[in-house]
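Undergrad:
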Amino acid sequence: MLSLSADLSDATVNLQMINGDEAATDGDVAHARALMKFAETFALRDEQSLADARETLLDEAGPGVLVDAAAVAANFQRMVRIADSTGIPLDTRSAAMSVDIRKELDLQRFGSAKNTPPTSLKTKLLSYIARPMAKIMLRRMEAKAQKDRS
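Per the numbering used here, the very first residue in the sequence shown carries number -6; after that it's consecutive.
Structure representation (structure tokens):
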């Protein structure tokens, strides 16, 4: 959904930022480097590094961004722990929507990827249809929401 969200906003986002690539922070994401460092240290659970990253993010982006980033990181960690502990595989719809992204980010390198079956030809073909359709539908929903607010 992150890449779809970036597509909808026409923002330049290099998803390698998720893998800790410093050069990937040069896109349109405000405070990208500080956010990346915060997320990285959050995942590593190094208390001192996290305290430093938290302070940097607070100084650069303010308390609102820090709180939002912490909430998003905690929520993702919660969801991943639940999925990993129960062995929940990636569902067909999500698999179809994320074929290219999973490959680009090399997500198969993680142990939890064993819970997700290999991508079938059917899923690969579905991905070519599902992602553009989702983008169209989300744009329509956004236009309707804006119209309803006016």
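All C-beta atoms, glycine included, are put in the ideal place defined by N, C-alpha and C.
Owing to the predicted nature of the structure, the values given are computational and were not obtained by experimental measurement.
Give me, in chain order, the residues of the same chain whose beta-carbon lies closer than 8 Å to that of residue 116; leave out the 5 immediate sequence neighbours on both sides.
TA: Only 85, 88, 89 and 92 meet the Cβ criterion.
Undergrad: Can you list the alpha helix (DSSP H) stretches of 4 or more residues lying completely in the segment 17 to 67, in chain order?
TA: Correct list: 25 to 37 and 40 to 54.
Undergrad: Could you give the C-beta distance for residue 34 and residue 43, rounded to a whole number, given that I count them as a contact under 8 Å?
TA: With 8 Å as the limit, residue 34 and residue 43 qualify as a contact, their Cβ atoms being about 4 Å apart.
Undergrad: Using a Cβ-Cβ cut-off of 8 Å (strictly less than) and excluding sequence neighbours within five positions of residue 13, which residues of its own chain qualify?
TA: Counting only Cβ-Cβ distances below 8 Å, and skipping sequence neighbours, we find 29 and 33.
Undergrad: Could you give the residue range of the alpha helix (DSSP H) that holds residue 137?
TA: Unbroken alpha helix (DSSP H) run through residue 137: 114 to 142.
Undergrad: Distance, Cα to Cα, residue 126 vs residue 134?
TA: If I take the Cα positions, the gap works out to 12 Å.
Undergrad: Residue 83 by DSSP, collapsed to three states: which one?
TA: Here residue 83 sits in coil by DSSP.
Undergrad: Report, in whole angstroms, the separation of the C-beta atoms of residue 54 and residue 27, which I expect to be a contact under 8 Å.
TA: The Cβ separation is near 6 Å, so the contact holds.
Undergrad: Starting from the C-beta of residue 119, find all residues in its chain whose C-beta is less than 6 Å away, skip the five residues before and the five after it, and write them out in chain order.
TA: Only 89 meet the Cβ criterion.
Undergrad: Would DSSP call residue 98 helix, strand or coil?
TA: Residue state, collapsed to three classes: coil.
Undergrad: Tell me which same chain residues have a C-beta within less than 8 Å of the C-beta of residue 82, skipping the five on either side of it?
TA: Taken in chain order, the residues that qualify are 108, 109 and 110.
Undergrad: Can you tell which of 122, 141 and 96 has its C-alpha closest to the C-alpha of residue 8?
TA: Checking every option, the nearest Cα to that of residue 8 belongs to 96.
Undergrad: My output table needs one value for residue 69: the three-state DSSP class, helix, strand or coil.
TA: In this structure, residue 69 counts as helix in the three-state DSSP scheme.
Undergrad: If you draw a straight line from the alpha carbon of residue 16 to that of residue 45, how long is it in whole angstroms?
TA: Rounded to the nearest angstrom, the two C-alpha atoms are 21 Å apart.
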